[in-house]
Structure formats: structure tokens, C-alpha cells
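Step one of this worksheet: look at the structure below.
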Amino acid sequence: MKNTPRIARTALQSLVFASSALFLASVAHAADTHAKGSKEAYEHTKSEAKTKYDADKESCKQLSGNAADVCKAEAKVHHVTAVSTAEAQYKNTPKAAHAARKDIAEAQYDLAKEKCDDQTGNAKDVCKKEAEATYTAAKADAEVKLKTRKAINEAAEDKSDAKYAAAKEKCDSLNGDAKDACQSKVKADFAK
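Going by full-length UniProt numbering, the first residue of the sequence shown is number 1, and it counts up by one from there.
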């Protein structure tokens, strides 16, 4: 009978995880059915995430000790993931995506540290070091993705500017109305 609380705790955690996974799938579906970047989709997702987070935290009250702490941290990971992802989609900027990645990594790090508290001695120390290494790697990946996105955007802008200059130069060989029409078309094509 010693394992009964542990089995119950594991079953409850599995239930919370499964319901959270289902929730995240519904959040992804809601984001797809609403226009990407719409304020309505963002607010809807935030509202659903808050409701789910509150329900998950409430179910964690059935647990005690570190199991309750782990349960709450898991609920927070799912909440932060849903809200941060929705905000990144709404703002649709590299900076917003970067902030979302960092927020999610931090919530996952907090969860990993809580899970380490179930261990003792060297196993606990190793667990915490691994959690810290994973967190550091996630932050570094977020930085790389931000810098990569910025470089891609700058390169695309440079290419567009070069093509615009070349197209504009072609118009210079024309005269009168033909030149004016060519320049107008080039400006419209390149949104200048």
C-alpha cells in the first residue's frame, strides 16, 4: 500500500498532462481558425489559457508536497506556452517570438527544478545541473533564432532594394509617359 499515494499522484499528473495537451491542441486549432495575428484570436487564447490554468491549479490541490509543486509548475508551463505563443503570433515580430521562447524556456526550467526536488544527494545535484544546462541551451537557441531572423529580414530588404534600383534604372532609358508609367509600376511593385 506504500505505493498507492505515488500511483494516485502519477495518475493525477498524467491526467493533468493529457488534459493540458488536449488544451494546447485546441489552442493551436483556435489560432489557425482565427486570422493569424488577430487581436480576437489572441484574447480568446489568453482567456482559454487562464481558464485551463486555473482548473489545472485547482486539480493540483489534491496532491501534497513536491507532487503539488510539480503539478503547479506543469500547469504553468502549459499556460505560459499558450499565452506566449499567442502573443508572438499576434505581434508577429522576431522580438515577440524571441520573448516567447525565453518565457517558455524559463517556465520549463522552473518545472525541471521542481522535479529535481524529488531526488536526493548527487542525483539531485546532477538533475539541477542538467536542468540548468537545458535552460542555458534554450536561451542560446532563442538568441540564435532572433539573430538569424534579423539577418534574413535584412538580407531580404537588401535584395529588394537592389532589385528596385535595377528596375528603376531600366525606366531611365524611356522618355515621357512611358517613363512615368514605368516608374509608377516599379514603385507599386516594390511598395515604395
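Note that beta-carbon positions come from the ideal geometry of N, C-alpha and C, so glycine has one too.
Model, not experiment: these values are computed from the prediction.
The C-beta distance from Lys-113 to Lys-128 rounds to 6 Å, short enough to fall under 8 Å. Between Glu-48 and Ala-178, the alpha-carbon positions lie close to 57 Å from each other. Taking a cut-off of 8 Å on C-beta distances, the segment 68-77 does not touch the segment 37-45, as fewer than three cross pairs fall below it. Straight-line measurement puts the Cα of Asp-161 at about 10 Å from the Cα of Ala-155.
In the structure shown, the three-state DSSP call for Ser-173 is coil. A check of alpha carbon separations from Lys-102 across Val-186, Cys-182, Asp-172, Thr-85 identifies Thr-85 as the nearest. For the options Gln-119, Leu-146, Lys-192, the alpha carbon positioned closest to that of Ala-165 is the one of Lys-192.
Nearest to Gln-108 by C-alpha distance, out of Lys-139, Glu-58, Ala-96, is Lys-139. Taking the CA atoms as reference points, Gly-121 sits about 14 Å from Lys-115. Selection Gln-119, Gly-176, Glu-169 evaluated against Val-186 yields Glu-169 as nearest (Cα-Cα). Rounded to the nearest whole angstrom, the C-alpha separation of Ala-100 and Thr-81 is 8 Å.
In the three-state reduction of the DSSP assignment, Asp-117 falls in the coil class. Considering only Leu-111, Ala-97, Glu-87, the residue with the shortest C-alpha distance to Cys-71 is Leu-111. For Gln-89, the enclosing alpha helix (DSSP H) stretches over residues 65-91.
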